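Following: one structure in structure tokens, then a few remarks.
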């Protein structure tokens, strides 16, 4: 019950943040820009390029957003007020994760649809292979962003200094999420969607689990 | 184990808390009864916030037992939260929230909803005089208004006990006056209040029970009157003479007088020996003044203030 209240509450905070505005409006704009600038993408459809861009930029920004938000709220004793209500500590972290992740899914959706529309308009139709490749890219992107979000939460909880939390979460977030993207490029027999989803879920659960344990043990 | 004394709301039994090498609380024991306004005073770093954070459940790693309404709080945090309103010393709110949104969120988390919640927000903001600011973002509020908001969110669930950690610190005189009046109003409504401060005057005319804490130890607990009376630090008598009447310096020859302070050419303060009875001291002094045909314009006794008592206790403990 309180997880739902906190989730809606966090959503209200995050969806208006500058980072989310960049993702919601900036990424579709970038997709359109790609089309008009007409860079040499070889055989790569715009929709797949967009998926890769979103996972990289969205993951980086969300990791920074979450680590900044948590480290800041810790130092300003924001949680003191929540924890004296009937609220479990894990629900505070999960609410943040789900709120940011939902915002990212929406931003990704908007950008990918823009990419698909461009691909359709450019080629006159939407070949099945583009749809399949886009769906693969989408699952890889979502897995990578989930990893970045969980690492943002992890360093936000673990580190007191906001700049250090941001640097660590962006750097480590990019490195770890790259595992779920690049492995599928180098190993042919792996199903990219399945592999990235499995890696994404395991890594996310691991980092959020450790964050919850640390947060539960914290004395305020 | 349950403590079963009906009027006791909070009971600390030999509670200690260590922060690595620092002993923040050293086997403290005290009781707050229902309806008490408990002033918890002590210098900065005495352990006041640690005590408060144990009650509200922010610190769970301590030794000893704390009871709330007869229940061990370490095992009943979720049950107890709905009875407690907590005003932290310096807790912030996320910048994007408005005053109304703060109240709405904490109201929902306290289990209120719908019209009841709307009604409660309206009444509470009205009580703390924040109705006009309800659509303002938290980041644009002044220090005094933020303190009012902290108080308002603590009141949203009509708690059985209100725990206020330094509610008057860092405020300008006008805001202090307003918040102090709100606390007085709540105490008149019969609310049990625990509030900490390192400023005695904050506590003096609000609390009906005072606990003095220093270096993690409770030095004394009692009503302000009890503390003033039983802590024998001596009374003072201020005498004001007519302008053409020089003060009597040789009055210190009287057995009851310890020292004399000359405040002006026509005004002096006599510090009485603590062991001396006030009435007999007054008799001695008046006899002396009448015998010397002095022209007295004002004669008044000054009882030791709570601040004197506090300073004596804390100073004595530090030595």
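Protein chains in written order, with the numbering used here: chain A, -7 to 212; chain B, 21 to 339. Where a beta carbon is used, it is the ideal one built from N, C-alpha and C, also for glycine. All values reported here derive from a predicted model rather than from experimental measurement.
Going along the chain, which unbroken runs of the alpha helix (DSSP H) with 4 or more residues stay wholly within the stretch 135 to 197 of chain A?
Here the runs fully enclosed are 154 to 178.
Only counting the same chain, and skipping five residues up and downstream in sequence, which positions put a Cβ closer than 7 Å to that of residue 149(A)?
Only 62, 203, 206 and 207 meet the Cβ criterion.
May I ask you to list the residues that DSSP assigns as paired with residue 261(B)?
Looking at the DSSP assignment, residue 261(B) forms a beta bridge with 316(B).
Could you work out which residues of chain A lie near residue 98(B), taking near to mean beta carbons separated by less than 9 Å?
Simply 78 and 80.
Can you find a CB in chain A that lies within less than 8 Å of the CB of residue 218(B)?
False, the Cβ-Cβ gap to chain A never drops below 8 Å.
Name the chain A residues that come within less than 8 Å of residue 125(B), Cβ to Cβ?
The contacting residues are -3 and 1.
Exposed or buried, residue 71(B), counting other C-beta atoms within 10 Å across all chains shown (16 or more means buried)?
So residue 71(B) counts as buried.
Tell me whether residue 58(B) sits in a helix, a strand or coil according to DSSP, three-state version.
Of the three classes helix, strand and coil, the one that applies to residue 58(B) here is strand, per DSSP.
Give, in chain order, every residue of the stretch 66 to 77 of chain B whose Cβ lies closer than 9 Å to some Cβ of chain A.
Flagged, chain order: 73, 76 and 77.
Can you give me the Cβ contacts of residue 319(B) inside the same chain, cut-off strictly under 6 Å, excluding the 5 residues immediately before and after it?
Closer than 6 Å at the Cβ level, and outside the excluded window around residue 319(B), lie 259.
Give the interface partners of residue 171(B) over in chain A, defined as CB-CB distance under 8 Å, in chain order.
Within chain A, no residue comes near residue 171(B); the closest Cβ sits about 12 Å away, beyond 8 Å.
I need the straight-line Cα distance from residue 81(A) to residue -5(A), nearest angstrom please.
If you take the alpha carbons of residue 81(A) and residue -5(A), they lie about 10 Å apart.
Can you tell me where the alpha helix (DSSP H) with residue 0(A) in it begins and where it stops?
Counting along the chain, the alpha helix (DSSP H) containing residue 0(A) begins and ends at -6 to 7.
Which chain B residues sit within Cβ distance under 7 Å of residue 5(A)?
Those are 114 and 116, listed as they occur along chain B.
For the candidate residues 270(B), 37(B) and 197(B), whose alpha-carbon lies nearest to that of residue 13(B)?
Only positions 21 to 339 of chain B appear in the structure, and residue 13(B) is not among them; the question remains open.
How big is the Cα-Cα spacing for residue 117(A) and residue 72(A)?
Each residue's Cα considered, the two are about 56 Å apart.
Whole-angstrom Cβ separation of residue 44(B) and residue 67(B), contact assumed at under 8 Å?
Confirmed, Cβ separation roughly 5 Å.
Is residue 136(A) near residue 161(A), with beta carbons less than 8 Å apart?
No.
With three or more C-beta pairs closer than 8 Å as the rule, is the stretch 136 to 146 of chain B touching the stretch 196 to 214 of chain B?
Result no; under three Cβ-Cβ pairs closer than 8 Å.
Straight-line CA distance for residue 195(B) to residue 51(A)?
Cα-Cα distance, rounded: 45 Å.
Label residue 23(A) either buried or exposed according to how many other C-beta atoms from any shown protein chain fall within 10 Å of its C-beta, with 16 as the threshold for buried.
Residue 23(A) is buried by the Cβ-count criterion.
Quick one: what does DSSP say residue 66(A) is sitting in, helix, strand or coil?
Note: residue 66(A) maps to helix in three-state DSSP.
On the premise that residue 228(B) lies in contact with residue 243(B), defined as a C-beta separation below 8 Å, what is that separation, rounded to the nearest angstrom?
Right, the Cβ-Cβ distance comes to about 6 Å (below 8 Å), so this counts as a contact.
Of the residues 177(B), 191(B), 175(B) and 78(B), which one's Cα is nearest the Cα of residue 166(B)?
Of the listed residues, the one whose Cα sits closest to residue 166(B) is 191(B).
Closer than 8 Å, CB to CB, is residue 10(A) near chain B or not?
Cβ-Cβ to chain B under 8 Å: no for residue 10(A).
Along the alpha helix (DSSP H) that carries residue 33(B), what are the first and last residues, could you check?
First-last for residue 33(B): 28 to 39, but that is the beta strand (DSSP E), not the alpha helix (DSSP H).
CB residue 188(B) to CB residue 107(B), shorter than 8 Å?
Cβ distance not < 8 Å, so residue 188(B) and residue 107(B) don't count as in contact.
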